[in-house]
Every structure is written in C-alpha cells, then in structure tokens.
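For reference, the structure is listed below as structure tokens.
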Amino acid sequence: MKVHQDPIFNVAQAEDKKKAYMIFSAYYHNQLWNQEELQLAIDMLRDFAVTEELAIEADLKILEQSSNDQLKSAVFDFTKLFIGPDQLKVPPYESVYVNQDRLIMAESTLKVRRFYEMCGVEINGKGKFPEDHIAFELEFMSYLYHRALADHQERRRIRQFLKAHLSKWYEAHLTEVEEQAETEICRAWASIMRQVIEKDISDAENEWKGGS
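Have a look at this one:
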C-alpha cells in the first residue's frame, strides 16, 4: 500500500491566495469601484504576482490608470454582463457551464450547496442568488484557505473543490467575459482571475501528485 507523504504547506502563499480570492469575490459582488479600494486590491495582487511569477502587470496597469469616467463605464459594462435587467450576457453561474442546456439552478447547483454544507458553510444571500454564483465560489475558496491556515490538513478541501467545481467552468466563463465585455477594465479583471486560478489549480495538482 502506497503511503502518501504530506507535502510542505506554504503558509505565505496560502495567505496570499486567501486574499486574492476574496478580492475576486468582492469584484463579482459589484464592489471595488472606489479608487481607494481598487488601489488596495491592485497593490495586493501586484505583490502576489511577483511572488508567483504571474504576467498580470499589464492588466493591473489598466485598472490602476483607470479614470472615474472609465470606472463608471465599467460598472455599466459589469451590470450588462452579470446582473441585467436584460438577459445576462455572461451568466456567473456554474450550472450554466456544466449543463448542456445552460440552465440555472440545476443539479450542479445542489452539489455546490452540499459541498458548502459539508464544510459547515451557509451562504449569506443565497436566497437572492443560487449558491453556484461565482462570487460565492470565490469567497468559499478564500474561506477554505482560511481553514487551511488554521489546520494544514484542511487543504485537501481546496483541491477537492477546485477539481469538482471551479476548474470545470472558470475558463469558459472568463473567456466569455473577455469576448463580451465592452471595457478594458472588465477584460483585465477576467485576465487576472484566469491566471491566478490557473496557477492555483496547477499548484494543487503538483502538491498532491502521486497522492490520494
């Protein structure tokens, strides 16, 4: 019987990822349009990019150099993409991407809910949006890193959730954002998130390679 050796846990990296996922969740909660809050997020992501060798500086510059008028245009763009009131240009729900009929509130939504419940999590605002809204999934990833920092064995949940859920749809969703967005700001956010999540999935796979 093969015994899986527990890999060394990178605490600093986990702390950075926890913050990055919370930033992305805040964005999808329609926040970070204030210049001061946006700059704090940019500074954190820039430090993270240096550590993780991510090529997101050009995208961060787009965010950093945005004027108030450009931010207002991005808010309008964001609304059309993810909120409405018309048909959503890019639905921010896992179920849309993992089900052939692109339906909201499908069986996949219930699977996400059960994963949350397994970890003792109840989503605030779940009555307003289904639990597989990307803002909730990103916030949950931040929470999982918070748990892993307290108990390193808990990081197995990170790999499980990435594999079962986020990895199955983030790329298709962000590709649609890049195709449908009318502003550089919304496209920049999609590009940044793509690289961070892609790196996290790669790290999780490498960390547990050969394990169960």
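Following our numbering, the numbering of the sequence shown begins with 42 at its first residue and continues without gaps. Virtual Cβ for every residue (Gly too), placed ideally from N, Cα, C. For clarity, every value in this text was computed on a predicted model and none was experimentally measured.
Asked                                                                                                                      : Found
Rounded separation between Y76 and P126 - CA only                                                                          : For clarity, residue 76 is Gln in the given sequence; the question names Tyr instead. Between Q76 and P126, the C-alpha separation is close to 26 Å.
H193 beta carbon less than 8 Å from that of K59                                                                            : no
Nonlocal neighbours in the same chain, by C-beta distance under 6 Å from V237, ignoring five residues either side          : A61
Rounded C-alpha distance that separates E163 from E220                                                                     : 33 Å
Same chain, Cβ closer than 8 Å to H155, five either side skipped, listed in chain order                                    : The question names His, but residue 155 in the sequence shown is Arg. Result list for R155: empty, nothing under 8 Å.
Alpha-carbon to alpha-carbon, C227 and K12                                                                                 : What is shown of the chain runs 42 to 253, which leaves residue 12 out entirely.
Sequence-distant residues of its chain with Cβ nearer than 7 Å to A147 (five each side left out)                           : S136 and N140
Residues near Q72 in its chain [Cβ-Cβ closer than 8 Å; skip 5 each side]                                                   : E78
Proximal residues to D100 (C-beta, below 6 Å), its chain only, five neighbours per side dropped                            : A229, S232 and I233
Beta-carbon contacts of V116 that lie in its chain and below 7 Å, excluding the five residues immediately before and after : W74
Cβ neighbour criterion (16 or more within 10 Å) applied to V131                                                            : buried
Interface flag, E220 vs chain C, CB-CB below 8 Å                                                                           : Looking at the structure shown, chain C is missing, and only one protein chain is on hand.
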